[in-house]
Amino acid sequence: MPSPRKIIIDTDPGQDDAVAILLALASPEELELLGITAVAGNVPLALTHVNARKICEVAHKVDVPVYAGCDAPLKRALVTAEHVHGKTGLDGIDLPAPVMALQEMHAVDFIIHELRRHAPGSVTLCALGPLTNIATAFDRAPDIIGRVAEVVLMGGAYFEVGNITPAAEFNIYVDPDAAAIVFGSGVKLTVMPLDVTHKVLVDADRAEAFAALGSDTGKTVAAWTHFFERFDMEKYGSAGAPLHDPTVIAWLLKPDLFAGRFINVEIETQSELTLGMTVADWWGVTERPANATFIGDVDAAGFFELLTSRLARL
Ligand code: BDR
Ligand code: CA
6 MPSPRKIIID TDPGQDDAVA ILLALASPEE LELLGITAVA GNVPLALTHV
56 NARKICEVAH KVDVPVYAGC DAPLKRALVT AEHVHGKTGL DGIDLPAPVM
106 ALQEMHAVDF IIHELRRHAP GSVTLCALGP LTNIATAFDR APDIIGRVAE
156 VVLMGGAYFE VGNITPAAEF NIYVDPDAAA IVFGSGVKLT VMPLDVTHKV
206 LVDADRAEAF AALGSDTGKT VAAWTHFFER FDMEKYGSAG APLHDPTVIA
256 WLLKPDLFAG RFINVEIETQ SELTLGMTVA DWWGVTERPA NATFIGDVDA
306 AGFFELLTSR LARL
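The sequence shown finishes on residue 319 if you use this note's numbering, and the numbering steps up by one all the way, no holes.
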């Protein structure tokens, strides 16, 4: 069996971030989690690093180091999403304050340090929130860009267009300048846009399957998804909560579940109307060079089978 892939999860939890982290923690044969780096996004940084530690404690994985990173986007005021995730970012079930300590090192320093410490091409960055920490690391230490195995991120949209504005998806909209740095860096990039994440919905049967695991983890995941499903159900008439961020981890575990295209994707950073739009050349109508594998489809049943069976291990 090959040795597990080393990953860093950069995140702004968020119930769907939480499920992604649990999926990674449940998969140690394939994934070695070097650390979790928190960023401001769904809620302010003061909550996201606390939430990251609460999530590790749900899984009884208290040895995972958690770092706090950037508390605001590179050039703009922070936009948050309490209207989706609740005032804590993890509403749906009351969890105790974490006993795990926050690491002293800044998240950006940790990312730089880990990429320099490990062999080139051996560390994958999983980005589940705005790209501020990763862009800051790339900007400050350009030597690490060539050492990254791959950035796999949840963000953007083409066919689904926007969720926070008519044109933009939340993670990219919050820090479009950071996204432009990452998409323009030349790093190997895989993107999970709304086009795919809106296809992995926690419908009633799937929620029941989480609860039926009978574990604290199963009940917690069912409570989280029940809380944040109302937003998409009211807005889109969806069958349940979209598990945006877990697609990033599922891609690392079972890429055959997904289909996409290697295309050019540019980030709009100028227009007020379309700020944060991912301009994806899905149809190949420009000569702009491809810079991202942009995923468009998923085997949703296979995704939930993977997720539920892995959560059963926690
Ligand atoms: C993304 O924004 C956040 O609300 C979710 O956690 C996800 O990362 C979806 O647009
Ligand atoms: Ca997120």
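Just so it is clear, CB atoms sit at the ideal spot from N, CA and C, and this is done for glycine as well.
In this structure, the straight-line span from the alpha carbon of D221 to that of S276 is close to 46 Å.
The Cβ-Cβ distance between T85 and V44 does not fall below 8 Å.
Where K240 is concerned, the enclosing alpha helix (DSSP H) starts and stops at D221 to Y241. At a threshold of 7 Å, N296 does not count as near ligand 2, since its beta carbon sits no closer than that to any of the ligand's heavy atoms. Counting along the chain, V89 sits inside no beta strand (DSSP E); it lies in the alpha helix (DSSP H) bounded by residues E87 to H90. Looking from the CA of I254, the closest CA among T195, I150, A317 and A173 belongs to T195. When distances are taken from the beta-carbon of G19 to the heavy atoms of ligand 1, the shortest one is below 7 Å. Contact between the segment 209-217 and the segment 162-174 is absent, with fewer than three C-beta pairs closer than 8 Å. Boundaries of the beta strand (DSSP E) harbouring R266: F263 to I268, taken from the DSSP string.
Residue nearest to A23 within the set I186, N47, A146 and V201 is N47 (criterion: CA-CA distance). With respect to V153, C131 sits apart: the two C-beta atoms are not nearer than 8 Å.
Relative to ligand 1, the beta carbon of H249 is positioned inside 7 Å of a heavy atom. By a beta-carbon distance limit of 8 Å, P198 contacts F299. Their separation comes to about 6 Å.
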